[in-house]
Amino acid sequence: MSKGVIYILTNPSFPAYVKIGYASDLQRRLRELNRSEALPYAFRAYATYDVDHRLTDKALHELIDQLNPDLRAIETFNGQKRTKEFFEMAPEEAYAILDAIARISGTEDRLHLVTPTGEQIEEEREALDAREASRRPPFRFSMVGIGPGEKIAFTGDPSVTATVVDDRRVEYDGVTTSLSALARRLLGRVSQVQGPLHFTYRGERLSDRRDRMEGGAERH
C-alpha cells in the first residue's frame, strides 16, 4: 500500500489558482516545484489529506470537474491538449471540498490545515503589494518625505542601515544601489522583491508610510 497525501498548494505568483495533486513525499515534491528560478515566489502547502492510494487525487480532480468543469487549467500546446493540476479557485474553496469528504467518510483526522510561516506571510504581502504597485508609480523617497542623507533600517535586522543617496538609490557598505537590489542582497534572494516592504524610516515601514501619506493626500 502506497501512502501519501493529497495536497493543496498555493503560490503568491498566481493567487487566483491552487494546485491539487498527490505526493508520497510532500517536501520532496515542493523542492522539485520550487527548483526553478523563473518563479518569483515558492509554492507552499495550504492543506493536506492523508490517503492510502496514489490515484486518489485523480478522483478528486474528477469530482471538481463534475462540480465545475471551468475551474481546471487547460491549455493547447503544439496541437496537444494539456490538462493541469491547477484550479481557478480560492484555497478555502478547495479545502472545503476535502473537509466535506473527510466529514462524510469519518476521516477528519486525516485532514490538516498548514500554518504558514512568517516568511510565507511576508511573501504573500509582498506579492499583493507588487500587484498594487504595478498600478502605481514606482517608489521614490520624495513621495514619503525622505531626503538624501537620511537613514533607513532593514526590517530583518534594524541594526543594518542604509543611507539615502537620491530619490531612488541608497548607499550600503560603500555601494550605491537601488532599494530593491539591496533588499534582495540582504534577504539572499534571486527573485524580485519590493524594496519598500523591507526597510523602515523612524520605525515605520516605507510601504506603510507611502500608503499613509498617499491616503492622506487623497482625502484632502
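For what it's worth, the UniProt record's numbering labels the leading residue of the sequence shown as 1, then goes sequentially. The beta-carbon is built from N, C-alpha and C at its ideal position, and this holds for glycine as well.
Could you name the residues that DSSP lists as bridge partners for residue i?
{"i": "Leu111", "result": "Tyr49"}
{"i": "Leu187", "result": "None, per the DSSP bridge assignment."}
{"i": "residue 223", "result": "Within the shown structure, residues of the chain are numbered from 1 to 220, placing residue 223 beyond reach of any answer."}
{"i": "Ala153", "result": "Thr161 and Thr200"}
{"i": "Tyr172", "result": "Val175"}
{"i": "Leu9", "result": "Lys19 and Ala45"}
{"i": "Gly4", "result": "Val51"}
{"i": "Arg205", "result": "Thr200"}
For residue i versus residue j, is the C-beta distance shorter than 8 Å?
{"i": "Ser142", "j": "Asp167", "result": "yes"}
{"i": "Gly195", "j": "Phe154", "result": "no"}
{"i": "His53", "j": "Ile20", "result": "no"}
{"i": "Tyr7", "j": "Ala23", "result": "yes"}
{"i": "Thr163", "j": "Gly149", "result": "yes"}
{"i": "Arg110", "j": "Asp50", "result": "yes"}
{"i": "Arg189", "j": "Tyr201", "result": "no"}
Within its chain, find whatever has a CB closer than 6 Å to the CB of residue i; leave out the 5 residues flanking it on each side and keep chain order.
{"i": "Tyr17", "result": "Phe86 and Glu88"}
{"i": "His198", "result": "Thr155 and Ala183"}
{"i": "Arg176", "result": "As written in the sequence, residue 176 is Thr, which differs from the Arg given in the question. Result list for Thr176: Val165 and Arg169, in chain order."}
{"i": "Leu113", "result": "Ala47"}
{"i": "Gly106", "result": "none"}
{"i": "Glu171", "result": "Thr163 and Val165"}
{"i": "Glu204", "result": "none"}
I think residue i touches residue j, with their Cβ atoms under 8 Å apart; what is that distance to the nearest whole Å?
{"i": "Glu123", "j": "Pro12", "result": "5 Å"}
{"i": "Pro91", "j": "Thr10", "result": "5 Å"}
{"i": "Ile121", "j": "Leu206", "result": "With a Cβ gap of about 18 Å, Ile121 and Leu206 do not count as contacting."}
{"i": "Glu108", "j": "Ala102", "result": "5 Å"}
To which residues of the same chain is residue i closer than 7 Å at the C-beta, ignoring the five residues directly before and after it?
{"i": "residue 223", "result": "Because the chain here runs from 1 to 220, residue 223 falls outside it and cannot be looked at."}
{"i": "Arg185", "result": "none"}
{"i": "Ile104", "result": "none"}
Please go through the same chain and pick out, in chain order, the residues whose beta-carbon is closer than 8 Å to the beta-carbon of residue i, but skip the five residues on each side of it.
{"i": "Leu187", "result": "Gly156, Val193 and His198"}
{"i": "Gly147", "result": "Phe141 and Val164"}
{"i": "Pro158", "result": "Thr200"}
{"i": "Ser178", "result": "Arg168, Arg169, Val170 and Gly195"}
{"i": "Met213", "result": "Met143, Val144 and Gly145"}
{"i": "Leu180", "result": "This sequence places Ser at residue 180; Leu is not what is there. These residues qualify, in order along the chain: Gln192, Val193, Gln194 and Gly195."}
Touching by the beta-carbon criterion (3+ pairs, under 8 Å), the segment 36–43 and the segment 95–104: The segment 36–43 and the segment 95–104 do not touch, with fewer than 3 CB-CB distances between them shorter than 8 Å.
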